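What follows is one structure encoded as C-alpha cells, with my remarks underneath.
Residue numbers (this note's numbering): 1 to 162.
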C-alpha cells in the first residue's frame with residue numbers, strides 16, 4: 001500500500017511539473033500525499049522569465065582578430081535559446097603565464113540582479129552579476145591571482161544562469 005501511495009505522489013508531482021511547462025491547465029486527482037499546485041500562468045512579459053537551473057545565456061568560439069597579437073583571442077557572444085535577445089563579446093589574452101579574460105553580455109534585463117557563471121571549455125572562470133540595465137561585465141587576470149582557464153583558437157566560452 002505504501003508503494004501505491006508513493007507512486008501516486010510521484011505521478012501527481014510529474015503531472016504538476018508537466019502542467020507548469022505548458023500553457024494549458026492540468027488537473028490532478030488529490031492523493032493522500034501532499035503536493036503543491038503549479039503557479040498560475042502569468043501574462044507575457046517583454047523580457048523572458050528567468051530559466052530554472054543552468055540555462056545557456058550566451059556562448060562563443062574564440063578566434064584570432066586580424067592583425068592582432070597571436071596571444072589575443074576574440075569572440076562575439078551569441079544568444080542561447082533561453083535568452084534570444086542576449087548578445088555580447090569576450091576578449092582573451094595570454095602572454096607567457098599571464099592570462100586575462102574580459103566578458104561583456106547585454107540585453108538580459110530579465111536577469112537583473114542574478115549571478116551568471118562564465119566558463120571556458122567547461123572550466124569555471126568566475127561569476128558576473130547582471131545590472132538593472134540588463135548588462136553583465138567581468139574581468140579576470142592571473143596577475144591578481146584570479147582563476148583564468150587557458151584558451152586557444154576554437155575554445156568555447158559559455159555564460160549560464162545559476
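Glycine included, each C-beta is placed from N, C-alpha and C at the ideal position.
Computed from a prediction, not measured in an experiment: that's the story for all the values here.
What are the boundary residues of the beta strand (DSSP E) that residue 76 is part of? 72 to 79
For the pair the region 144 to 155 and the region 108 to 115, tell me if three or more CB-CB distances fall below 8 Å. no
Let's test the definition: count the other Cβ atoms within 10 Å of the Cβ of residue 81 and tell me whether it reaches 16, buried, or not, exposed. exposed
Would you kindly report the start and end of the unbroken beta strand (DSSP E) that includes residue 115? 115 to 120
How many angstroms separate the CA atom of residue 160 from the CA atom of residue 131? 15 Å
Here's the rule I'm using: 16 or more other beta-carbon atoms within 10 Å means buried, otherwise exposed. How should residue 84 be labelled? exposed
Output the distance between the C-alpha atoms of residue 74 and residue 152, rounded to the nearest integer angstrom. 10 Å
Compare the Cα-Cα distances from residue 117 to each of 162, 155, 63 and 62 and report the closest residue. 162
Can you find the residues in the same chain that come closer than 6 Å, C-beta to C-beta, to residue 94, ignoring five residues on each side of it along the sequence? 71
Classification of residue 77 by the beta-carbon crowding that lies within 10 angstroms, buried from 16 upward: buried
Identify the continuous beta strand (DSSP E) that holds residue 136 and give its terminal residues. 136 to 141
Apart from the five residues on each side of it in sequence, which residues of its chain come closer than 6 Å, Cβ to Cβ, to residue 115? 127 and 129
Would you tell me roughly how many angstroms separate the C-alpha atoms of residue 98 and residue 87, rounded to the nearest one? 27 Å
Determine the direct distance from the alpha carbon of residue 133 to that of residue 150, and round the result to whole angstroms. 31 Å
To which residues does DSSP link residue 92 through a beta bridge? 73 and 101
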